[in-house]
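To start, the structure under review is shown below, and the notes come after it.
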Amino acid sequence: MEAKIKRSFPFNEDFVTSLVNIIVCLSKKLTSNNVHIVNLSAASSGVKSIKDAVTAAKDKSKFGCKTIVCMDEIHCFNKLQQDIFLPHVETGTFTLIGCTTENPFYSLNPALLSRCRMFVLNKLTECNVTEILHKAIEYINGRMLDVRKKEQINNREQIKFHSNTKIKYHVDNNIIQWLAGACDGDARVALNALELATLARQVDGSKTSRNNDITITLEDIKEGLIKTHMISVKETNQSHHIYSALHKSIRAGKANASLYWLARIMAAKEDPVNIARRLVRISSEDIGLADPDALGVAVHTMHGCQMIGMPECDVLLGQCTVYLAKAPKSRSIYNALKAAEKMILECEGPQPTVPLHMRYNSDRK
1 MEAKIKRSFP
11 FNEDFVTSLV
21 NIIVCLSKKL
31 TSNNVHIVNL
41 SAASSGVKSI
51 KDAVTAAKDK
61 SKFGCKTIVC
71 MDEIHCFNKL
81 QQDIFLPHVE
91 TGTFTLIGCT
101 TENPFYSLNP
111 ALLSRCRMFV
121 LNKLTECNVT
131 EILHKAIEYI
141 NGRMLDVRKK
151 EQINNREQIK
161 FHSNTKIKYH
171 VDNNIIQWLA
181 GACDGDARVA
191 LNALELATLA
201 RQVDGSKTSR
211 NNDITITLED
221 IKEGLIKTHM
231 ISVKETNQSH
241 HIYSALHKSI
251 RAGKANASLY
261 WLARIMAAKE
271 DPVNIARRLV
281 RISSEDIGLA
291 DPDALGVAVH
301 TMHGCQMIGM
311 PECDVLLGQC
321 TVYLAKAPKS
331 RSIYNALKAA
341 EKMILECEGP
351 QPTVPLHMRY
361 NSDRK
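Read in order, the letters of the sequence shown are residues 1 to 365 in the working numbering.
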């Protein structure tokens with residue numbers, strides 16, 4: 001953008017980071033006044049918004065003004081809707097910047113993806129999140145440690161900050177470091193957990209000292225983290241990634257890793273019946289005839305989850321997970337079924353008719 005290269009590109013993010021807002025601000029700063037920026041979200045915009053942007057881009061191009069269309073959550077457009085971008089990206093009517101938290105190879109039109117350059121943005125490191133948390137404390141007019149000096153990062157002093165209500169908060173630096181690691185690279189989760197912890201302490205006046213000092217404990221942060229992070233994991237594509245990790249750990253025979261990913265799913269408050277359904281699928285897909293009893297174990301686990309629910313059924317899920325991980329593996333049925341489906345799809349001309357000796361005969365007794 002700084003080099004004024006005219007090329008469209010999608011960003012793939014592991015976490016929601018308000019990237020489009022950052023891009024828009026940087027675009028206005030880096031580009032000259034003859035660049036028009038259109039900020040849209042596929043979650044709330046439709047094809048009409050794109051057509052309006054195209055019309056505006058063509059009008060402004062007459063006066064030598066270029067247009068950049070920033071499309072957030074571009075995966076919310078289906079592949080037919082994404083086709084509207086193709087002719088305008090090809091002709092250079094505007095430069096498209098798309099942001100998505102989904103896998104672009106599945107959620108984006110291949111024709112559109114082939115005309116763009118993709119950048120994968122990895123999640124933030126613990127140091128990044130720690131610096132953001134320190135800046136958040138500084139933002140509310142508080143005193144903080146200089147995160148650029150290692151000797152101050154590693155010491156055990158307390159960070160003090162205060163709000164406009166003259167209430168002083170005390171947060172131990174170790175708690176900040178713990179929160180930076182627990183949020184798994186998602187700065188929003190860390191900030192929301194910190195905010196909820198401070199608000200909860202404001203409401204609970206019994207824990208405020210006479211001089212309006214409030215100490216934020218690790219328990220306060222954990223409670224705020226559960227309310228933000230676990231819900232966000234359940235409602236985003238991270239849930240699919242964790243299920244995939246569970247499936248692949250069982251397939252690889254890693255019992256401990258399988259239990260870890262199962263615990264992650266349960267911590268996100270997923271429906272135990274949905275977890276059991278996934279285990280039923282795994283029992284047939286990856287174990288199959290190598291251990292026919294595995295299917296029965298998984299089905300009984302699902303029925304048990306339906307009868308007793310959480311939290312009592314957690315052991316049932318754990319037992320089934322370990323059983324499947326340690327069971328012998330065979331994908332012969334799965335592979336044979338896929339081969340048969342491929343044969344049907346690739347058949348040229350009409351499908352073969354049913355042989356006479358295999359047809360249904362109503363007169364046969």
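In this text, a Cβ means the ideal position worked out from N, Cα and C, and glycines have one as well. Every value quoted in this text rests on a predicted model; they were computed, and no experiment measured them.
Touch test, the segment 96-111 against the segment 53-70, Cβ-Cβ under 8 Å, three pairs minimum: The count of Cβ pairs closer than 8 Å, one atom from the segment 96-111 and one from the segment 53-70, reaches three, so the stretches are in contact.
Give, in chain order, every unbroken run of the alpha helix (DSSP H) that is at least 4 residues long and sits entirely within the segment 275-350. Within the segment 275-350, the alpha helix (DSSP H) runs of at least 4 residues that lie entirely inside it are, in chain order, 293-308, 314-326 and 332-345.
To the nearest angstrom, how far is the alpha carbon of residue 117 from that of residue 187? For residue 117 and residue 187, the distance between alpha carbons rounds to 26 Å.
Through-space distance from residue 292 to residue 356, alpha-carbon basis: Computed Cα separation, rounded: 34 Å.
Please look up how many angstroms separate the CB atoms of residue 294 and residue 283, rounded, as I've assumed it's under 8 Å. Sure, about 4 Å apart at Cβ, within 8 Å.
Do the segment 176-195 and the segment 118-132 make contact, defined as three or more Cβ pairs closer than 8 Å? Of all C-beta pairs linking the segment 176-195 to the segment 118-132, three or more are shorter than 8 Å, placing the two stretches in contact.
Alpha carbon of residue 318 to alpha carbon of residue 259, nearest angstrom: Between the alpha carbons of residue 318 and residue 259 lies a gap of roughly 6 Å.
Under 6 Å Cβ to Cβ from residue 334, same chain only, skipping five residues before and after it: list those, please. The beta carbon of residue 334 sits closer than 6 Å to those of 285, all from its chain and outside the five residues before and after it, given in chain order.
Can you look up residue 105 in the DSSP assignment and give me helix, strand or coil? When secondary structure is reduced to three states using DSSP, residue 105 falls in the helix class.
Between the segment 311-329 and the segment 344-353, do at least 3 Cβ pairs fall closer than 8 Å? No, the segment 311-329 is not in contact with the segment 344-353.
Residue 216 beta carbon less than 8 Å from that of residue 201: Less than 8 Å divides the Cβ of residue 201 from the Cβ of residue 216.
Whose C-beta lies closer than 8 Å to the C-beta of residue 266 among residues of the same chain, with five residues either side of it excluded? Hits under 8 Å: 272, 275, 310, 314 and 317.
Tell whether a beta-carbon distance below 8 Å holds between residue 288 and residue 244. Between residue 288 and residue 244, the CB-CB gap reaches or exceeds 8 Å.
Expected contact under 8 Å - CB spacing of residue 290 and residue 327 to nearest Å: In this structure, residue 290 and residue 327 form a Cβ contact; the two beta carbons are roughly 7 Å apart against a cut-off of 8 Å.
Would you kindly work out how many angstroms separate the C-alpha atoms of residue 306 and residue 280, rounded to a whole number? One C-alpha to the other measures close to 14 Å.
To the nearest angstrom, how far is the alpha carbon of residue 106 from that of residue 79? Each residue's Cα considered, the two are about 10 Å apart.
What residues in its chain sit with their C-beta under 7 Å from that of residue 261, if we drop five residues either side in the sequence? Within the same chain, 242, 245, 246 and 249 come within 7 Å of residue 261 by CB-CB distance, once the 5 residues on both sides are set aside.
Please classify residue 336: is it buried, with 16 or more other beta-carbons within 10 angstroms of its beta-carbon, or exposed? Looking at its Cβ environment, which holds fewer than 16 other Cβ atoms inside 10 Å, residue 336 is exposed.
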